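Colleague: Order-wise, the sequence lines are chains A and B.
Residues in the first sequence are numbered consecutively from 0, following numbering that gives the first Met the number 0.
Residues in the second sequence are numbered consecutively from 0, following numbering that gives the first Met the number 0.
Even glycine gets a Cβ: it sits at the ideal position worked out from N, Cα and C.
For clarity, every value in this text was computed on a predicted model and none was experimentally measured.
What follows is a structure written as structure tokens; I'll ask about it next.
Number of protein chains: 2
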Amino acid sequence: MFNFKYYTPTKVLFGKGTELKTAELIKEFGGKKVLIHYGGGSVVRSGLLKKVTDLLDEAGISYVTLGGAVPNPHLSLVYEGIELCKKENVDFLLAVGGGSAIDSAKAIGYGVTNEGDVWDLYDYKKKAESCLPLGVVLTLAATGSEMSDSSVITKEDGLVKRGYSSDYCRPRFAILNPELTMTLPNYQTACGCTDIMMHTMERYFTNGGNMEITDSLAEGLLRTVKENALILVKDPKNYDARAEVMWAGSLSHNGLTGCGNDGGDWMTHKLEHELGGLYDVAHGAGLAAIWGSWARYVYKDCLPRFKKFAINVMGVADTGSDEETALKGIEAVEAFYREIKMPTNLKELGVNATEDDLKEMARKCALGVGGAMGSAKLLHEEDMLAIYRASLG
Amino acid sequence: MFNFKYYTPTKVLFGKGTELKTAELIKEFGGKKVLIHYGGGSVVRSGLLKKVTDLLDEAGISYVTLGGAVPNPHLSLVYEGIELCKKENVDFLLAVGGGSAIDSAKAIGYGVTNEGDVWDLYDYKKKAESCLPLGVVLTLAATGSEMSDSSVITKEDGLVKRGYSSDYCRPRFAILNPELTMTLPNYQTACGCTDIMMHTMERYFTNGGNMEITDSLAEGLLRTVKENALILVKDPKNYDARAEVMWAGSLSHNGLTGCGNDGGDWMTHKLEHELGGLYDVAHGAGLAAIWGSWARYVYKDCLPRFKKFAINVMGVADTGSDEETALKGIEAVEAFYREIKMPTNLKELGVNATEDDLKEMARKCALGVGGAMGSAKLLHEEDMLAIYRASLG
Numbered sequence: 000m001f002n003f004k005y006y007t008p009t010k011v012l013f014g015k016g017t018e019l020k021t022a023e024l025i026k027e028f029g030g031k032k033v034l035i036h037y038g039g040g041s042v043v044r045s046g047l048l049k050k051v052t053d054l055l056d057e058a059g060i061s062y063v064t065l066g067g068a069v070p071n072p073h074l075s076l077v078y079e080g081i082e083l084c085k086k087e088n089v090d091f092l093l094a095v096g097g098g099s100a101i102d103s104a105k106a107i108g109y110g111v112t113n114e115g116d117v118w119d120l121y122d123y124k125k126k127a128e129s130c131l132p133l134g135v136v137l138t139l140a141a142t143g144s145e146m147s148d149s150s151v152i153t154k155e156d157g158l159v160k161r162g163y164s165s166d167y168c169r170p171r172f173a174i175l176n177p178e179l180t181m182t183l184p185n186y187q188t189a190c191g192c193t194d195i196m197m198h199t200m201e202r203y204f205t206n207g208g209n210m211e212i213t214d215s216l217a218e219g220l221l222r223t224v225k226e227n228a229l230i231l232v233k234d235p236k237n238y239d240a241r242a243e244v245m246w247a248g249s250l251s252h253n254g255l256t257g258c259g260n261d262g263g264d265w266m267t268h269k270l271e272h273e274l275g276g277l278y279d280v281a282h283g284a285g286l287a288a289i290w291g292s293w294a295r296y297v298y299k300d301c302l303p304r305f306k307k308f309a310i311n312v313m314g315v316a317d318t319g320s321d322e323e324t325a326l327k328g329i330e331a332v333e334a335f336y337r338e339i340k341m342p343t344n345l346k347e348l349g350v351n352a353t354e355d356d357l358k359e360m361a362r363k364c365a366l367g368v369g370g371a372m373g374s375a376k377l378l379h380e381e382d383m384l385a386i387y388r389a390s391l392g
Numbered sequence: 000m001f002n003f004k005y006y007t008p009t010k011v012l013f014g015k016g017t018e019l020k021t022a023e024l025i026k027e028f029g030g031k032k033v034l035i036h037y038g039g040g041s042v043v044r045s046g047l048l049k050k051v052t053d054l055l056d057e058a059g060i061s062y063v064t065l066g067g068a069v070p071n072p073h074l075s076l077v078y079e080g081i082e083l084c085k086k087e088n089v090d091f092l093l094a095v096g097g098g099s100a101i102d103s104a105k106a107i108g109y110g111v112t113n114e115g116d117v118w119d120l121y122d123y124k125k126k127a128e129s130c131l132p133l134g135v136v137l138t139l140a141a142t143g144s145e146m147s148d149s150s151v152i153t154k155e156d157g158l159v160k161r162g163y164s165s166d167y168c169r170p171r172f173a174i175l176n177p178e179l180t181m182t183l184p185n186y187q188t189a190c191g192c193t194d195i196m197m198h199t200m201e202r203y204f205t206n207g208g209n210m211e212i213t214d215s216l217a218e219g220l221l222r223t224v225k226e227n228a229l230i231l232v233k234d235p236k237n238y239d240a241r242a243e244v245m246w247a248g249s250l251s252h253n254g255l256t257g258c259g260n261d262g263g264d265w266m267t268h269k270l271e272h273e274l275g276g277l278y279d280v281a282h283g284a285g286l287a288a289i290w291g292s293w294a295r296y297v298y299k300d301c302l303p304r305f306k307k308f309a310i311n312v313m314g315v316a317d318t319g320s321d322e323e324t325a326l327k328g329i330e331a332v333e334a335f336y337r338e339i340k341m342p343t344n345l346k347e348l349g350v351n352a353t354e355d356d357l358k359e360m361a362r363k364c365a366l367g368v369g370g371a372m373g374s375a376k377l378l379h380e381e382d383m384l385a386i387y388r389a390s391l392g
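Spelled out as structure tokens, the structure:
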């Protein structure tokens with residue numbers, strides 16, 4: 000068991016109609032001039048953006064808007080946001096959308112308050128010393144960015160996707176109304192559920208310092224998401240299932256499910272980041288396409304936890320052989336992914352990668368993690384390449 | 000499922016040696032003149048208080064000290080602390096100890112920043128508008144006050160024990176080093192484990208709005224505390240078991256295990272508060288002594304959850320009869336209490352109450368909750384009296 004820090008200062012308002020509190024919360028946290036940052040047209044079409052700007056108008060809070068945050072959000076838009084904030088003297092950021100808008104807003108927040116090029120943070124060249132305060136109206140349960148310390152940005156030049164984490168960017172507030180996720184296409188819902196489960200699974204599959212209470216919370220969260228993801232495949236307007244998944248999304252990535260361990264494995268995320276940078280695939284689908292190959296490559300080095308996961312999360316019966324039980328757990332995850340229409344390899348993901356592509360991704364992935372990474376099993380470039388090859392399908 | 004707010008801004012540092020960060024954290028949160036508030040002599044004898052004052056001396060942070068916070072902390076000491084803070088221009092409170100020192104510090108914090116008599120808050124006459132910032136070095140895993148919004152104070156005049164809750168008093172930081180709890184007597188350890196479980200059980204036994212994810216987290220937490228409480232009976236210096244219980248204590252009362260429900264039942268706590276006010280018993284032991292009688296009185300009105308609890312937490316096999324399964328769960332809790340040497344009735348608690356005493360407690364309890372309270376079953380004064388009578392033993 001390792002020492003740990005737990006810090007989740009985000010004030011969460013959860014449930015129906017909570018978006019009506021947006022202006023009140025901005026005022027509570029001192030925002031006077033707001034940049035409202037969002038993604039595509041869905042928050043415009045749904046009327047949510049107008050609802051939010053109406054609330055700010057009524058409350059006498061000044062704002063500017065910036066749309067266009069895309070999945071795997073782009074550095075160029077971050078630069079644009081930074082300029083806009085400086086020009087308009089913005090002192091508070093409001094992300095209206097999913098992880099893309101939030102992560103993009105976090106990067107803008109860093110860029111406004113830290114000297115120099117914001118990409119230097121994501122390129123491991125320096126550390127942030129602050130960030131503009133940020134609030135969130137969430138429309139997609141997936142990345143957990145609404146409570147997390149992390150953000151992931153893609154630099155278009157070279158298609159490099161990198162994450163940066165610090166407590167400075169943890170949102171001051173997050174408004175979570177499950178109704179705002181009701182109209183999501185099934186594919187995006189399933190991608191979100193996959194991402195949520197992976198945030199906890201990355202923390203769960205470790206060889207260092209696990210705590211029983213953390214495990215029991217993680218296993219409970221994973222079972223809940225799994226069961227409710229299956230409900231949403233057939234009944235996407237089920238409020239309760241949307242709510243279970245949405246709250247799980249925040250808890251899955253705010254730190255709770257990793258307390259006391261070594262920080263987690265995170266190699267599925269790292270392997271997917273290269274996929275996302277190169278092919279612009281949906282993050283959750285990319286994770287699903289990689290995970291099985293990663294798991295089969297590493298499970299023998301992390302057998303007690305793969306066995307425990309199989310039994311306590313996937314409901315596999317103990318076969319008496321740890322390896323067999325663990326493998327049945329991996330198969331059960333893949334069967335679950337198929338049931339929610341997620342890919343289990345690159346072919347199903349729609350990526351036709353050549354051997355050179357795989358080598359390039361492995362090279363960039365190894366570079367990005369400083370040579371080698373992984374707690375379930377330490378992976379070097381050749382291991383990463385082997386996993387990419389196994390994931391071709 | 001109900002809308003909810005989730006707000007746990009406390010920065011937690013957990014693990015060995017974390018108390019060495021005390022001065023650093025006070026500085027981070029802006030403390031310049033500190034009141035160090037503690038309880039009895041144990042933090043003096045253990046050298047912890049000196050370690051903390053040495054750290055503050057080294058960091059150049061000015062402070063005054065006030066000891067003497069007792070279990071069921073007294074209003075008179077709160078008044079004394081308020082005067083001291085005003086006289087010394089204290090701008091930050093540091094509680095070193097368990098729930099008594101923390102709750103007493105919270106009340107002092109309210110008293111310093113709010114006009115009028117601080118008891119008016121606890122007497123439901125007005126609401127707080129602020130509180131002095133507060134940090135905690137925890138030496139006892141029990142009340143969860145290190146992350147919670149609540150505090151409980153006893154007014155000696157009339158022996159009235161009342162709680163007051165607001166986000167203002169949530170500690171800015173909490174230092175949780177399980178080693179600091181190693182030397183606790185077994186009785187106090189068991190009282191703490193009982194209190195921790197009860198904080199989640201009070202939230203669990205409701206008839207309104209439960210969420211699956213909240214249930215699964217609550218059940219996992221309860222299983223963990225139960226298992227580790229049994230370890231600590233035989234092996235009180237077991238660091239990992241101390242750590243599991245300590246972290247569970249914070250999570251059990253920071254709001255996590257009640258998200259989405261109607262706020263919980265809380266009648267066992269209310270019934271115990273009258274016991275604690277009148278007989279000055281240890282809070283955890285008082286809860287254990289009352290719970291079984293409460294549970295038998297209410298379980299038929301909250302049967303699905305008593306059944307679920309029996310199976311998922313206490314490991315009872317489903318007998319096919321919901322009532323029978325629920326009752327077996329209640330019996331299993333009482334057996335667990337006996338195993339950790341907790342009382343299961345007032346006699347075992349060492350309280351010989353007369354019928355008049357019981358009536359007086361029921362009257363004050365009903366008055367304190369505004370007539371009637373309870374989600375598992377709504378209890379009026381006559382119900383409270385019936386439960387007190389059943390708990391005599």
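Can you list the beta strand (DSSP E) stretches of 3 or more residues lying completely in the region 94-146 of chain A, in chain order?
Modeller: 133-137
Colleague: Throw me the rounded Cβ distance for the A/T193 and A/A287 pair, which I believe falls under 8 Å.
Modeller: Residue numbering aside, residue 193 of chain A sits at position 194 when the first sequence is read from its first letter. Residue numbering aside, residue 287 of chain A sits at position 288 when the first sequence is read from its first letter. At roughly 5 Å, the Cβ-Cβ gap stays under 8 Å, so A/T193 and A/A287 are in contact.
Colleague: Pull out every residue of the region 235-247 of chain B whose Cβ sits closer than 8 Å to any Cβ of chain A, in chain order.
Modeller: Residues of the region 235-247 of chain B with a C-beta less than 8 Å from any C-beta of chain A: Y238, D239, A242, E243, W246, A247, listed in chain order.
Colleague: Between the region 83-104 of chain A and chain B, which residues of the former have CB atoms less than 8 Å from a CB of the latter, in chain order?
Modeller: none
Colleague: Looking at the secondary structure, which residues open and close the beta strand (DSSP E) in which B/Y78 lies?
Modeller: For this step, residue 78 of chain B is matched to residue 79 along the second sequence. No beta strand (DSSP E) contains B/Y78, which is instead part of the alpha helix (DSSP H) from 74-87.
Colleague: Looking only at its own chain, which residues have a Cβ that is under 6 Å from the Cβ of A/R362, when we skip the five neighbours before and after it?
Modeller: Working through the first sequence from its first residue, we reach residue 362 of chain A at position 363. There are no such residues.
Colleague: Contact check, B/A242 vs A/M313 under 8 Å by CB: the rounded distance?
Modeller: Here residue 242 of chain B refers to the residue found at position 243 of the second sequence. Here residue 313 of chain A refers to the residue found at position 314 of the first sequence. With 8 Å as the limit, B/A242 and A/M313 do not qualify as a contact, their Cβ atoms being about 28 Å apart.
Colleague: Would you say A/S103 and A/G80 are within 9 Å of each other, going by their C-beta atoms?
Modeller: By one-based count along the first sequence, residue 103 of chain A stands at place 104. By one-based count along the first sequence, residue 80 of chain A stands at place 81. It is a contact, given that the beta carbons lie within the stated cut-off.
Colleague: Find the residues of chain B that neighbour A/C258, judging by a C-beta separation of less than 8 Å, and give them in chain order.
Modeller: The residue labelled residue 258 of chain A in the question sits at position 259 within the first sequence. Chain B residues near A/C258: F13, W246.
Colleague: Can you check which of these residues, B/A316, B/G108, B/H282, B/L250, is closest to B/F13 by C-alpha distance?
Modeller: For the purposes of this step, residue 13 of chain B is taken as the residue at position 14 of the second sequence. Checking every option, the nearest Cα to that of B/F13 belongs to B/L250.
Colleague: Closer than 7 Å by C-beta to A/L183: which residues in its own chain qualify, once you throw out the five before and the five after it? Chain order, please.
Modeller: Position 184 of the first sequence, counted from the start, is the residue given in the question as residue 183 of chain A. Once the five neighbours on either side are set aside, the close Cβ partners of A/L183 are L139.
Colleague: Quick check on A/R337: buried or exposed, where buried means 16 or more other Cβ atoms within 10 Å of its Cβ?
Modeller: Within the first sequence, the letter at position 338 stands for residue 337 of chain A. When all chains shown are included, A/R337 counts as exposed.
Colleague: Could you give the DSSP three-state label for B/A173: helix, strand or coil?
Modeller: By one-based count along the second sequence, residue 173 of chain B stands at place 174. Reduced to three states, the DSSP call for B/A173 is strand.
Colleague: If we ignore side chains and look at the alpha-carbon of each, how far apart do A/S99 and A/N227 end up?
Modeller: In the first sequence, the residue the question calls residue 99 of chain A occupies position 100. In the first sequence, the residue the question calls residue 227 of chain A occupies position 228. Those two C-alpha atoms are separated by around 23 Å.
Colleague: By the DSSP assignment, the beta strand (DSSP E) with B/Y6 in it spans what residues?
Modeller: Translated into positions along the second sequence, residue 6 of chain B becomes position 7. Per DSSP, the unbroken beta strand (DSSP E) holding B/Y6 starts and ends at 3-13.
Colleague: B/K153 lies in the beta strand (DSSP E); which residues open and close that run?
Modeller: Along the second sequence, read from residue 1 onward, the residue named residue 153 of chain B stands at position 154. The sequence as given places Thr at residue 153 of chain B; Lys does not occur at that position. B/T153 -> beta strand (DSSP E) spans 149-154.
Colleague: Please classify A/S374: is it buried, with 16 or more other beta-carbons within 10 angstroms of its beta-carbon, or exposed?
Modeller: Your numbering for residue 374 of chain A matches position 375 in the first sequence. Buried: at least 16 other Cβ atoms inside 10 Å.
Colleague: Taking C-beta pairs closer than 7 Å, name the residues in chain B that A/Y5 reaches, listed in chain order.
Modeller: In the first sequence, the residue the question calls residue 5 of chain A occupies position 6. What A/Y5 touches in chain B: V11, F13.
Colleague: In whole angstroms, what is the alpha-carbon distance linking B/L34 and B/I101?
Modeller: Here residue 34 of chain B is taken as the residue at index 35 of the second sequence, counted from 1. Here residue 101 of chain B is taken as the residue at index 102 of the second sequence, counted from 1. Using only the alpha carbons, I get a separation of about 12 Å.
Colleague: Use the C-beta contact count for A/E114: other C-beta atoms within 10 angstroms, 16 or more gives buried, fewer gives exposed.
Modeller: The residue you call residue 114 of chain A lines up with position 115 of the first sequence. So A/E114 ends up on the exposed side.
Colleague: Could you name the residues that DSSP lists as bridge partners for B/M372?
Modeller: Within the second sequence, residue 372 of chain B is the residue found at index 373, counting from 1. According to DSSP, which records beta bridges pairwise, B/M372 is partnered with B/L378.
Colleague: Should A/D382 go down as buried or exposed, given a rule of 16 or more other Cβ atoms within 10 Å for buried?
Modeller: The residue you call residue 382 of chain A lines up with position 383 of the first sequence. Its Cβ being crowded by 16 or more others within 10 Å, A/D382 is buried.
Colleague: Could you please give the first and the last residue of the uninterrupted beta strand (DSSP E) stretch that includes B/G38?
Modeller: For this step, residue 38 of chain B is matched to residue 39 along the second sequence. Per DSSP, B/G38 belongs to no beta strand (DSSP E) and is neither H nor E.
Colleague: Counting only beta-carbon separations shorter than 9 Å, does B/L408 have a partner in chain A?
Modeller: An answer regarding residue 408 of chain B cannot be provided, because it is not within the stretch 0 to 392 covered by chain B.
Colleague: Mind pulling the alpha helix (DSSP H) runs of 4 or more residues that sit fully within the region 293-368 of chain B?
Modeller: 302-311, 321-338, 345-348, 354-367
Colleague: Considering only DSSP beta bridges, list what A/Y186 is partnered with.
Modeller: Counting from 1 along the first sequence, the entry for residue 186 of chain A is found at position 187. None, per the DSSP bridge assignment.
Colleague: I'd like the span of the alpha helix (DSSP H) that includes B/K160, first residue to last.
Modeller: Residue 160 of chain B sits at position 161 when you count from the first residue of the second sequence. Counting along the chain, B/K160 falls outside any alpha helix (DSSP H), though it belongs to the beta strand (DSSP E) covering 159-164.
Colleague: For the beta strand (DSSP E) that contains B/Y62, what are its first and last residues?
Modeller: Position 63 of the second sequence holds residue 62 of chain B. Here the beta strand (DSSP E) through B/Y62 covers 61-65.
Colleague: What are the boundary residues of the alpha helix (DSSP H) that includes A/K236?
Modeller: As a working note, residue 236 of chain A is residue 237 in the first sequence. Element bounds for A/K236: n/a, residue is neither H nor E.
Colleague: Run the CB neighbour count on B/E218, radius 10 Å, all protein chains shown included, and call it buried at 16 or more, exposed below.
Modeller: Looking up residue 218 of chain B in the second sequence gives position 219. Result: buried.
Colleague: When DSSP labels each residue in this structure, what does B/L391 get in the three-state scheme?
Modeller: Mapped onto the second sequence, residue 391 of chain B falls at position 392. Three-state DSSP puts B/L391 in coil, outside helix and strand.
Colleague: Can you find a C-beta in chain B that's less than 9 Å from the C-beta of A/M181?
Modeller: Here residue 181 of chain A refers to the residue found at position 182 when the first sequence is read from its first residue. A/M181 does not count as touching chain B.
Colleague: Could you check whether the Cβ of B/E211 sits closer than 9 Å to any Cβ belonging to chain A?
Modeller: For the purposes of this step, residue 211 of chain B is identified with residue 212 of the second sequence, where counting begins at 1. Yes, because at least one Cβ of chain A sits closer than 9 Å to the Cβ of B/E211.
Colleague: Assuming B/G276 is part of the alpha helix (DSSP H), what are its boundary residues?
Modeller: Stepping through the second sequence from its first residue, residue 276 of chain B is reached at position 277. Its alpha helix (DSSP H) spans residues 266-278.
Colleague: Answer yes or no: does any C-beta atom of chain B fall closer than 9 Å to that of A/P170?
Modeller: Numbered from its first residue, the first sequence carries residue 170 of chain A at position 171. With 9 Å as the cut-off, A/P170 does not count as an interface residue toward chain B.
Colleague: How would you label A/S320, buried or exposed, when you count the other beta carbons within 10 angstroms and need 16 or more for buried?
Modeller: Within the first sequence, numbered from 1, the residue matching residue 320 of chain A stands at position 321. So A/S320 ends up on the exposed side.
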